[in-house]
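There are 2 protein chains.
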Amino acid sequence: MSLDARKQKILQAIVRDYILTAEPVGSRTIARRYLMDISAATIRNEMADLEEMGFLHQPHTSAGRIPSESGYRFYVDNLLDEATLSEQEVQAIKQIYHQQAQVLENVIQEAAHLLSSLTDYMALASGPQAGSSRLQKLHMMEVQKGKALVVVVSDNGLVANRMINLPDDIEQSDLDGISDYINRNFYNVTWNQMLKSGILNVRQDIGRRIEQFDQVVELIQELLLGESTADIYLGGTARILVQPEFQDVNRVRSILKLLDHREAMLSLVGEKQFTDNVQVTIGSENQLEEVENCSLVTALYRWNGAPVGWVGVLGPTRMDYARAMTAVREVSKLLTDIFNKG
Amino acid sequence: MSLDARKQKILQAIVRDYILTAEPVGSRTIARRYLMDISAATIRNEMADLEEMGFLHQPHTSAGRIPSESGYRFYVDNLLDEATLSEQEVQAIKQIYHQQAQVLENVIQEAAHLLSSLTDYMALASGPQAGSSRLQKLHMMEVQKGKALVVVVSDNGLVANRMINLPDDIEQSDLDGISDYINRNFYNVTWNQMLKSGILNVRQDIGRRIEQFDQVVELIQELLLGESTADIYLGGTARILVQPEFQDVNRVRSILKLLDHREAMLSLVGEKQFTDNVQVTIGSENQLEEVENCSLVTALYRWNGAPVGWVGVLGPTRMDYARAMTAVREVSKLLTDIFNKG
DNA sequence: TGTTAGCACTCGACCTTGCAGAGTGCTAAC
DNA sequence: GTTAGCACTCTGCAAGGTCGAGTGCTAACA
């Protein structure tokens with residue numbers, strides 16, 4: 001039994017209506033509201049088929065149908081109409097672009113808020129994490145006797161810093177020597193290349209002089225590999241509570257627990273995502289069971305051409321996918337534009 | 343009518359029982375469970391008095407009594423017994439202290455998690471914000487042609503950095519000149535003193551050479567005055583949902599909305615708090631209406647003797663104040679210890 | 001004068017019952 | 001292959017009844 005045109009139309013109608021109302025959809029509703037040229041009885045027959053094929057299910061005998069995860073999946077892959085943003089919404093996006101003083105964190109945070117207000121779901125955004133970027137500059141500055149600040153910059157413009165302790169006999173000139181050495185030998189070099197060309201040897205040479213040189217190496221590694229427990233920005237956490245499926249506190253709890261484990265949130269998106277398309281993960285397609293009745297819509301943003309982070313929304317599986325996808329796409333474009341204009 | 347010893351005992355019993363059960367407390371319960379030497383009828387009379395005095399109220403005629411905000415206030419100020427932490431809990435605290443690689447953000451985040459798990463409420467912590475600290479060191483490094491990173495360190499060990507654009511004709515040696523000048527003239531100087539001794543003049547001198555010198559000044563100001571929208575760390579957001587008063591989603595919503603406005607969360611604690619004691623704010627004593635049926639227990643932590651940030655828990659007004667206060671006190675001490683040992 | 005027992009009363013929580021409405025599956029007719 | 005009709009199922013809701021916890025008041029007691 002294949003999904004002929006009529007079945008597809010019916011499935012589409014059911015998904016749309018359910019997204020709108022959050023109530024199980026009956027055959028009569030479909031006949032009246034969406035497909036006035038066929039009767040409810042016919043639709044009932046088709047619905048029975050669709051249920052057997054796994055695209056729908058019934059909460060109980062005398063209720064309407066609800067799309068299953070495969071139902072949503074088919075809808076997203078085949079039946080979706082592009083959504084468009086209103087002129088007003090487009091303006092709201094542009095406003096961020098033209099904003100003053102674009103400090104990295106603020107821009108991403110604003111983007112998350114914007115995305116959440118566009119979709120009415122909870123928005124997530126990762127801070128930029130350079131996958132395998134290159135060392136641009138390292139600097140060590142003595143801040144007070146016995147304490148120095150190490151600052152590392154990558155070619156993507158990311159910055160990391162850490163305070164380290166020094167033995168008493170080290171002076172700023174020694175630090176300059178070390179950072180000069182590193183800058184000369186490892187400029188524009190990735191972490192992997194560093195390993196090969198011997199940053200570990202440097203560690204041995206210098207290790208005697210700076211006990212905590214390990215921390216410097218670690219800092220470089222974290223920055224270049226993007227392995228730091230990078231920042232996650234959230235927007236509209238409270239908005240998910242508006243959705244009728246989250247009226248029950250127990251359902252919300254598992255999502256909120258995620259907020260406590262930001263490293264877990266990074267894993268939500270994972271590494272599969274290296275396409276420019278908007279990605280949709282529906283229900284249990286997500287690895288984390290905390291969000292097994294949620295869907296996630298995400299997209300990458302880029303910095304100097306390379307993907308460095310992502311934005312997305314998390315909502316119920318009964319999500320307005322068309323709208324969410326458009327909003328996520330536009331906001332990710334916005335971030336890419338902002339980061340590449342400077 | 344004054345609060346004689348017996349009334350105090352009864353109030354104490356009611357608050358304790360209500361904290362425990364979250365159910366309105368009846369006279370019989372008190373007589374049986376707490377004060378077996380007086381009868382329920384007597385307690386009823388006393389309770390009527392306590393209600394008239396504003397320490398209790400009744401949800402409806404035939405229900406028990408619930409402490410009012412003034413009831414909690416009197417309890418916290420006069421009737422509280424010190425709580426103690428279990429050996430196990432003390433160990434958990436010490437564990438953070440002895441942890442490796444104490445990166446600032448991680449330590450504070452861990453502290454928030456710890457505090458939340460100790461109390462079962464939501465924990466908040468501000469990142470260090472130096473109130474009026476002193477410039478320790480400024481460094482400007484050219485990262486690529488036309489782009490420089492400015493790094494500023496305060497005497498509290500706080501670090502801020504920002505990327506600025508440069509005109510083409512500026513080189514690293516020029517940047518060094520400028521930062522040398524600032525370091526020589528403003529070392530160990532507060533923002534207020536800088537204004538007096540003329541950082542604005544410097545701006546005029548140098549302004550011609552670096553268009554974006556404003557941003558450098560702004561960065562210094564933000565760091566020294568602690569006016570940056572500093573980081574707020576949260577722990578156990580999901581835990582508040584366990585409390586019976588937050589079974590209703592609408593009550594949770596207003597709290598979660600706070601999470602979206604981190605600058606508002608800073609204002610929760612505000613400036614009144616410059617004592618070393620643990621501070622308790624009950625219900626509408628809080629400025630923000632979002633938390634009008636919550637209580638907040640906070641304490642400062644210090645860095646080199648100066649108060650730089652705070653930790654606290656947010657829970658229902660029916661909070662185990664004794665325990666919360668002890669936990670908050672210990673965790674704030676922990677942070678102070680950690681920051682001062684290095 | 002303060003304390004206590006007893007009693008009538010109140011109110012919410014909970015259960016049962018009955019009904020209306022929405023929706024289905026099946027069958028027979030078109 | 002499509003449709004109308006019908007019996008059946010299940011939820012949601014409102015009405016009514018009972019139970020139990022708790023109160024305020026009064027009268028008796030120490």
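In order, the protein sequence lines correspond to chains R and U. Residues 1 to 342 in this note's numbering are what the first sequence lists, from first letter to last. Residues 343 to 684 in this note's numbering are what the second sequence lists, from first letter to last. Glycine included, C-beta positions come from ideal geometry on N, C-alpha and C.
Would you report the Cα separation of residue i and residue j, rounded to the nearest angstrom?
{"i": "L656 (chain U)", "j": "V611 (chain U)", "result": "11 angstroms"}
{"i": "A425 (chain U)", "j": "I232 (chain R)", "result": "36 angstroms"}
{"i": "M1 (chain R)", "j": "L114 (chain R)", "result": "Because M1 (chain R) carries a pLDDT of 47, less than 50, the predicted location of this residue cannot be relied on, and no value is offered for it."}
{"i": "Y321 (chain R)", "j": "A112 (chain R)", "result": "17 angstroms"}
{"i": "L3 (chain R)", "j": "E365 (chain U)", "result": "56 angstroms"}
{"i": "L50 (chain R)", "j": "L56 (chain R)", "result": "6 angstroms"}
{"i": "S27 (chain R)", "j": "L266 (chain R)", "result": "41 angstroms"}
{"i": "A306 (chain R)", "j": "T317 (chain R)", "result": "31 angstroms"}
{"i": "S412 (chain U)", "j": "L576 (chain U)", "result": "28 angstroms"}
{"i": "T384 (chain U)", "j": "L20 (chain R)", "result": "59 angstroms"}
{"i": "N45 (chain R)", "j": "E285 (chain R)", "result": "29 angstroms"}
{"i": "S116 (chain R)", "j": "L124 (chain R)", "result": "9 angstroms"}
{"i": "M319 (chain R)", "j": "V280 (chain R)", "result": "11 angstroms"}
{"i": "F186 (chain R)", "j": "N448 (chain U)", "result": "29 angstroms"}
{"i": "G240 (chain R)", "j": "D120 (chain R)", "result": "The sequence given here places Ile at residue 240 (chain R); Gly does not occur at that position. Whole-angstrom Cα-Cα distance: 7 angstroms."}
{"i": "D423 (chain U)", "j": "M395 (chain U)", "result": "23 angstroms"}
{"i": "L88 (chain R)", "j": "E330 (chain R)", "result": "In the sequence as displayed, the identity of residue 88 (chain R) is Gln instead of Leu. Rounded to the nearest angstrom, the two C-alpha atoms are 14 angstroms apart."}
{"i": "D176 (chain R)", "j": "P167 (chain R)", "result": "15 angstroms"}
{"i": "V335 (chain U)", "j": "I450 (chain U)", "result": "Only positions 343 to 684 of chain U appear in the structure, and residue 335 (chain U) is not among them; the question remains open."}
{"i": "F213 (chain R)", "j": "F681 (chain U)", "result": "21 angstroms"}
Taking its Cβ as the centre, do 16 or more other Cβ atoms sit within 10 Å of residue i, making it buried, or is it exposed?
{"i": "M464 (chain U)", "result": "buried"}
{"i": "G309 (chain R)", "result": "buried"}
{"i": "K479 (chain U)", "result": "buried"}
{"i": "T668 (chain U)", "result": "buried"}
{"i": "S197 (chain R)", "result": "exposed"}
{"i": "T579 (chain U)", "result": "buried"}
{"i": "Y360 (chain U)", "result": "buried"}
{"i": "N293 (chain R)", "result": "buried"}
{"i": "L195 (chain R)", "result": "exposed"}
{"i": "Q585 (chain U)", "result": "buried"}
{"i": "V311 (chain R)", "result": "buried"}
{"i": "N534 (chain U)", "result": "exposed"}
{"i": "T403 (chain U)", "result": "exposed"}
So for residue i, helix, strand or coil by DSSP?
{"i": "L642 (chain U)", "result": "strand"}
{"i": "P509 (chain U)", "result": "coil"}
{"i": "R504 (chain U)", "result": "strand"}
{"i": "G413 (chain U)", "result": "helix"}
{"i": "T363 (chain U)", "result": "helix"}
{"i": "M194 (chain R)", "result": "helix"}
{"i": "L392 (chain U)", "result": "helix"}
{"i": "H113 (chain R)", "result": "helix"}
{"i": "K349 (chain U)", "result": "helix"}
{"i": "G64 (chain R)", "result": "coil"}
{"i": "T281 (chain R)", "result": "strand"}
{"i": "V242 (chain R)", "result": "helix"}
{"i": "Q221 (chain R)", "result": "helix"}
{"i": "L35 (chain R)", "result": "coil"}
{"i": "S515 (chain U)", "result": "helix"}
{"i": "M325 (chain R)", "result": "helix"}
{"i": "S133 (chain R)", "result": "coil"}
{"i": "A41 (chain R)", "result": "helix"}
Quick check on this structure: which residue in the options has the alpha carbon closest to the alpha carbon of residue i?
{"i": "A641 (chain U)", "options": "U:K675, U:H603, U:E634", "result": "U:K675"}
{"i": "A490 (chain U)", "options": "U:V501, U:M505, U:L477", "result": "U:M505"}
{"i": "D618 (chain U)", "options": "U:S521, U:L638, U:Y643", "result": "U:Y643"}
{"i": "P128 (chain R)", "options": "R:L225, R:L219, R:Q287, R:D169", "result": "R:L225"}
{"i": "T678 (chain U)", "options": "U:I408, U:K436, U:R665", "result": "U:K436"}
{"i": "H261 (chain R)", "options": "U:E452, U:S521, U:W645", "result": "U:E452"}
{"i": "E171 (chain R)", "options": "R:Y34, R:I220, R:K145", "result": "R:K145"}
{"i": "F416 (chain U)", "options": "U:R358, U:L630, U:L600", "result": "U:R358"}
{"i": "V278 (chain R)", "options": "R:A264, R:V90, R:N165, R:V76", "result": "R:V76"}
Can you find a heavy atom of the ligand ZN that lies under 8 angstroms from the Cβ of residue i?
{"i": "A123 (chain R)", "result": "Annotation note on the ligand ZN: not contained in the displayed structure, which lists no ligands."}
Assess contact between the region 594 to 610 of chain U and the region 472 to 486 of chain U, defined as three or more Cβ pairs (one per stretch) separated by less than 8 angstroms. Is contact present? The region 594 to 610 of chain U, when compared against the region 472 to 486 of chain U, does not touch it at the 8 angstroms Cβ threshold.
For the region 352 to 372 of chain U against the region 152 to 170 of chain R, are there 3 or more C-beta pairs whose distance is under 8 angstroms? Three or more beta-carbon pairs separated by less than 8 angstroms are not found between the region 352 to 372 of chain U and the region 152 to 170 of chain R, which leaves the two stretches without contact.
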